[in-house]
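Quick mapping for you: the protein sequence lines, in order, are chains S and X. Residue numbering for the first sequence is 1 to 178, as defined by the working numbering. Residue numbering for the second sequence is 1 to 407, as defined by the working numbering. For glycine and all other residues, C-beta sits at the position ideal for the given N, C-alpha and C. Down below is the structure, laid out as structure tokens.
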Amino acid sequence: MSQYKIIFTGPVGAGKTTAIHTISDSAPIKTDAAASDMTKTRKSATTVAMDYGVMNLTDGEKLHLYGTPGQERFDFMWDILTSGGIGLILLLDNTRADPFLDMKFFLDAFADFIAETHVAIGVTQMDVSNRPMIGDYQQRLKELGINPPVFAVDARVKNDVSLLIQALLYSLDPGLEA
Amino acid sequence: MSNKGKTALKVALLGMDERTYKTLAQYLLGPCKNAAITVSDDNDAEVNIIDADLPRSRVLLEKLLHEKSARPLIVLSLKPMGNGSFLFVQKPIQTDAMLAVLAQAREHIQNADKDDNQTVLVASLTEVDQNADASGKVESDAKPSVPAPLKRHTADLNERNKTSKHRAAMHMDEKGFTALMGGMKSVDIGDSRQVKDARYNPRDYFQGYLQSAFKVSRARAQVLQLNSGWKPVLIFPHSNEVWLDADDRQLRAFASIIINKNDNQKMSLTEIKSKPLDGEALDKFQTMDALLWKLACWTSKGRYPEPFDIERPFYLKHWPNFTRLLVTPHALRIAALLIEKPRTATNIARTLHIKPEYVFVFISAAAALGLLGQAARNADIEVAPQALKPDKKQGLLRRIINKLRLN
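Structure (structure tokens):
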């Protein structure tokens, strides 16, 4: 049976682990460890390998959900993770010092994968910091010459994560019917 | 990054007769592979293209050069031209030459945007400097005592209490939506007269007054109160928020009422200078976009807004922020389709096999937020009606969608 997967990426603390937990049918496998470097200024534990969750589809098929570790020193894993992926969910933390820089970094890092598939962007922590606004992200994306879905997302809320994934899937094929 | 997903440049074709206009519009879509689309409203354009060999163009070209607009200008002519202030393509037009100048124009726009952003950055840095030290001393190498994100958190302490503003969107299926609407007028997509008649004027409803109030508030950068004889709406343009003490049921009821000239006199905008709200009222905040989007949906009731020409293709400037908006039936699919390329409303309904009412509702809501534009009248140049090419994994994607919708 084929391995179908969606990749969640983004900087440390953007909510990748939480989003996978929110949408997964089984308790996700986490590989968190106590943060020991600069990461600990943002969260006490961080993902050091990857997160994994699964959605059980009809006919016994499974959709695998993989979260990349946020720290850049693990970027050698990203190519392996994306192989055969359906698309990319990029989560950005709106309280970070420069979320646009994060966005550019991850779009560049996954450029080949995005070119083959699609990307949908979720901006988290907007209830903590309401700026930049979604329109500001769209403006920056316009400068990069792409126009993907960008939604405000609370990674703990199933409906938010669900809508983001649906937008990714409809971007791949608007003709899909529910 | 590859070209896939790159947005087409929006171009205005100026000073051309109908035949030249259509030919060039077709050329941009065909041989130039959608690198640019023509827009009828010049204000929506990112690039101007002018044919300098047409008599009426000469005056226009001189005017454009005199204005020194920041918008890139592409001049087409049989004779070589150029003074450094515009891009030039010699006729007969070669596709490579046209694609090259379009790429230059895109680069010019991106550089201009970067310059703008840098200006904003300088402004905000100045603001930080002013606040940094009351004595006026700013040490350039001094590190802030708290990380920037924490600073922002402190500034936005109240943001978390605005629970309505951050609440997840309501996602509606056809049955639920129709029930809430109290029945929508069904439109036969094959009957062009019915389609044309399925329109409404937002100005006849509260929607028009609210849109107008938003516009004034933003233009003046002023906190305003819209008085309507119903519930007051407080508009905060700096934070893109409104405060309204009414639930969705009340708003839906008011949205559908036609406001006649007598009621019109009750409408007024007043400036608010004192701090109007206490902490307990934070739950009544919502974004301006969220309120206007749902108001347009309720007002539309399956009709499209004037003054749009329903036979012309629509394009979507960017995706609506669906997680914080009312998600009407098929809205995500319609958005995905319109982001790809401009299409007419009937083409969308036919392509997605959905009722036109759902397309019209989406058009109303997206138009109210300024997300929608109309391409030039080029339905006859096959801009839209191409069939969708299904994704190879369509079966799988459909099962994932079904699963997500069930949750």
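Taking 8 Å as the upper bound for CB-CB distance, residue 368 of chain X and residue 319 of chain X are not in contact here, some 16 Å apart. Looking at the DSSP output, residue 171 of chain X sits in a beta bridge with X:327.
In the DSSP secondary-structure assignment, residue 97 of chain S is not bridged to any residue.
Chain S places a beta carbon closer than 9 Å to that of residue 324 of chain X, counting this residue as a contact. The residue from X:402, X:112 and X:338 with its alpha-carbon nearest to that of residue 8 of chain X is X:338. As DSSP reads the structure, residue 87 of chain S sits in a beta bridge with S:6. Chain-order list of chain S residues neighbouring residue 7 of chain X: 142, 145, 146 and 147, by C-beta distance under 8 Å. Take the alpha-carbon of residue 66 of chain S and the one of residue 164 of chain S: they are about 15 Å apart. Taking all protein chains in view, the Cβ of residue 257 of chain X is surrounded by fewer than 16 other Cβ atoms within 10 Å, so the residue is classified as exposed. Of all residues in the stretch 289-316 of chain X, none has a C-beta nearer than 7 Å to a C-beta of chain S. In the pairwise beta carbon analysis, the stretch 322-334 of chain X is classified as touching the stretch 352-363 of chain X: at least three pairs are separated by under 8 Å.
A straight-line Cα-Cα distance of about 45 Å links residue 152 of chain S and residue 17 of chain X.
With fewer than 16 neighbouring CB atoms inside 10 Å of its own CB, residue 59 of chain X falls in the exposed class. Within chain X, the residues placing a beta-carbon under 7 Å from that of residue 170 of chain S are 332, 333 and 336, ordered along the chain. Note on geometry: alpha-carbon atoms of residue 51 of chain X and residue 310 of chain X lie some 29 Å from one another.
Boundaries of the beta strand (DSSP E) around residue 64 of chain S: 62-67. A Cβ of chain X is located within less than 9 Å of the beta carbon of residue 165 of chain S.
Here the alpha carbons of residue 236 of chain X and residue 290 of chain X stand approximately 14 Å from one another.
According to the DSSP assignment, residue 396 of chain X belongs to the alpha helix (DSSP H) that extends over 394-406.
Put simply, of X:28, X:214 and X:62 the residue whose alpha carbon is nearest the alpha carbon of residue 15 of chain X is X:62.
One Cα belongs to residue 357 of chain X, the other to residue 195 of chain X, and the distance between them is close to 10 Å. Contact of residue 189 of chain X with chain S is not assigned, every C-beta pair being separated by 9 Å or more. For residue 390 of chain X, the chain S residues whose Cβ falls inside 9 Å of its Cβ are 173, 175 and 176, in order along the chain.
Under the three-state reduction of DSSP, residue 205 of chain X is assigned to coil, being neither helix nor strand. At a cut-off of 9 Å between beta carbons, residue 19 of chain S makes no contact with chain X. Look at the stretch 116-160 of chain S and you find these whole runs of alpha helix (DSSP H), each 4 residues long or longer: 134-143.
Around the CB of residue 156 of chain S, fewer than 16 other CB atoms lie within 10 Å, so the residue is classed as exposed.
Across the set X:42, X:32, X:71 and X:111, the C-alpha of X:32 shows the shortest separation from the C-alpha of residue 98 of chain X.
Cβ neighbours of residue 270 of chain X within its own chain (closer than 6 Å, five residues either side excluded): 225. The continuous stretches of beta strand (DSSP E) do not include residue 300 of chain X, which lies in the alpha helix (DSSP H) extending over residues 288-300.
Residues of chain X whose Cβ lies closer than 7 Å to the Cβ of residue 133 of chain S are, in chain order, 240. Note on the stretch 305-351 of chain X: whole alpha helix (DSSP H) runs with a minimum of 4 residues are 331-340, in chain order.
Beyond the five residues adjoining it in sequence on each side, residue 109 of chain X comes within less than 7 Å, by CB distance, of 46 and 72 in the same chain, given in chain order.
Residue 241 of chain X sits in a strand when the DSSP states are folded into three classes. Taking 9 Å as the threshold, the shortest C-beta distance from residue 92 of chain S to chain X does not fall below it.
In the DSSP annotation of this structure, residue 74 of chain X is not part of any alpha helix (DSSP H); the continuous beta strand (DSSP E) holding it starts and ends at 73-77.
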